[in-house]
Structures are given as structure tokens and as C-alpha cells.
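S.K.:
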Amino acid sequence: MTMDVRLLRIDSRLLHGQVTTNWAKAIHVNRILVVSDRVAHDRTRKTLIVQAAPPGIRTHVVTLEKMIRIYHDPRFNVLKPMILVENAVDARCIVQGGIKVDSINIGAISFDTTRVMVTDAIAVNAADVEAFKWFHAHGIKLDVRKVSSDSSKNLWKSLSEKGLV
Numbered sequence: 001m002t003m004d005v006r007l008l009r010i011d012s013r014l015l016h017g018q019v020t021t022n023w024a025k026a027i028h029v030n031r032i033l034v035v036s037d038r039v040a041h042d043r044t045r046k047t048l049i050v051q052a053a054p055p056g057i058r059t060h061v062v063t064l065e066k067m068i069r070i071y072h073d074p075r076f077n078v079l080k081p082m083i084l085v086e087n088a089v090d091a092r093c094i095v096q097g098g099i100k101v102d103s104i105n106i107g108a109i110s111f112d113t114t115r116v117m118v119t120d121a122i123a124v125n126a127a128d129v130e131a132f133k134w135f136h137a138h139g140i141k142l143d144v145r146k147v148s149s150d151s152s153k154n155l156w157k158s159l160s161e162k163g164l165v
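Under my numbering, think of the first position of the sequence shown as 1, with each following residue one higher.
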């Protein structure tokens, strides 16, 4: 038996209000794990994220390496977490580290000068596209939904339509 990961979500904003509360209720999590090397080493961001957690759900900020380690540690099998990462590369890193998921939820990936808009809320760069190709090749569904009640859109279709894959 291993940890029951209820949702792996890519969202550059990580933990934020309604979205997190909606998902946490819909998928019955008992933990929110924000997995980011950058945030884990930034005291201020870490504090703000933990304070933004929905009432009653413990939230932790951990490095990618620590996430992989606790996933494989039987003492943490009781966790039913929602895992939040900032980008597709971090998501691929933890999945390659052994974290098992059938699909990845993509919320929002912020635009910057290195990225191309793929949907109204998702911008990708070359590293993201490579990570999404890897997930696709491994049969992992790329589910675009802001909240659980939204209709699911397949990111692979959007990437294909834009000629990125």
C-alpha cells in the first residue's frame, strides 16, 4: 500500500482560495502538500501558503526530494493528499520519482516572455511541452479544469491544435 494521491495539480499560483477549497472538498483530502524547492526555501512564501490553507486541512510545503521520500515511506500511507506544484517539470520530477497518478490536473500556468498561451489560463515553454510529451507517452491524462465541477478539457488536444506536439 502507498499514499493515496487524490490529485496532482499544476498551478503557478499553487494554493489559492476557492479553487483549493473546491478541490479539497470534492476529492476528500486530508492533507495539502505544496511541492516546490523554491517555496520550501522561501520563508515568507512558505508562511503565506500555509496560512492560505482551507480550514481543517493541514498543509505542508516540501521539496521535490522530500515529497518522493515521504511517498515511499509507509508511515505516510494514511495521507490522502492533494499535491500542488508550480510547473510541469516539477510534476514530471515527482512522477519519475515513483508517485503514481493516472491524470494530472492543470489549473493555470502564468504567461511570461518565454511562454506561449495554449488556453486562456495556460502558457507553456519548451520545458513544459517536453514534460507534457513525457506524461502523454506514459498514458497520463492531462486534465484542464479550474474547479472540480468544470468540464474536463484535454491539454494534449490544445497543445496539438497549437502545433506544439
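No residue lacks a Cβ here, since even glycine has one placed at the ideal position from N, Cα and C.
Can you check the stretch 23 to 69 for any beta strand (DSSP E) of at least 3 residues that lies completely inside it and give the ranges in chain order?
M.R.: Taking only runs of at least 3 residues, the beta strand (DSSP E) segments lying wholly in the stretch 23 to 69 are 31 to 35 and 58 to 62.
S.K.: Can you check whether the CB of Leu8 is closer than 7 Å to the CB of Val101?
M.R.: Yes, the Cβ-Cβ distance between Val101 and Leu8 is below 7 Å.
S.K.: Does the separation of the CB atoms of Leu14 and Val35 fall below 7 Å?
M.R.: No, these two residues do not count as a Cβ contact at 7 Å.
S.K.: Verify whether the separation of the beta carbon atoms of Pro81 and Leu33 is less than 7 Å.
M.R.: Yes, Cβ-Cβ distance for Pro81 and Leu33 is below 7 Å.
S.K.: Which runs of the beta strand (DSSP E), 3 residues or longer, sit entirely within the stretch 77 to 124?
M.R.: As far as the stretch 77 to 124 is concerned, its whole beta strand (DSSP E) runs of at least 3 residues are 81 to 85 and 103 to 106.
S.K.: If we ignore side chains and look at the alpha-carbon of each, how far apart do Val95 and Asn77 end up?
M.R.: Near 17 Å, if we compare the C-alpha coordinates of Asn77 and Val95.
S.K.: Determine contact between the stretch 14 to 26 and the stretch 113 to 129, defined as no fewer than three beta-carbon pairs at a distance below 8 Å.
M.R.: Not touching, per the Cβ criterion.
S.K.: So, helix, strand or coil for Asp143, using DSSP?
M.R.: If DSSP states are grouped into helix, strand and coil, Asp143 belongs with the strands.
S.K.: What number of angstroms, rounded off, separates the C-alpha of Ile122 from the C-alpha of Ala88?
M.R.: The alpha-carbon atoms of Ile122 and Ala88 are separated by roughly 11 Å.
S.K.: On the DSSP bridge assignment, give the partners of Leu155 in chain order.
M.R.: Leu155 is not bridged to any residue.
S.K.: Please return the same chain residues whose Cβ sits closer than 8 Å to the Cβ of Phe111, not counting the five positions on each side in sequence.
M.R.: Correct list, in chain order: Met117 and Ala123.
S.K.: Quick one: is Gly17 buried, meaning 16 or more other Cβ sit within 10 Å of its Cβ, or exposed?
M.R.: Exposed, since its Cβ has fewer than 16 Cβ neighbours within 10 Å.
S.K.: Hey, Ala52 and Lys46 are a contact pair by Cβ (cut 8 Å); roughly how many whole angstroms apart?
M.R.: 11 Å between Cβ atoms; not a contact.
S.K.: Taking Val85 as the reference, which of Ile49, Ser149 and Ile27 has the closest Cα?
M.R.: When only C-alpha atoms are compared, the closest one is Ile49.
S.K.: Enumerate in chain order the residues of its own chain whose CB-to-CB distance from Ser151 is below 8 Å, with the five nearest sequence positions on each side excluded.
M.R.: The residues are Arg145.
S.K.: Closest to Ser103 by CA distance: which of Val62, Glu161, Asn154 and Tyr71 is it?
M.R.: Nearest of Val62, Glu161, Asn154 and Tyr71 to Ser103, Cα basis: Asn154.
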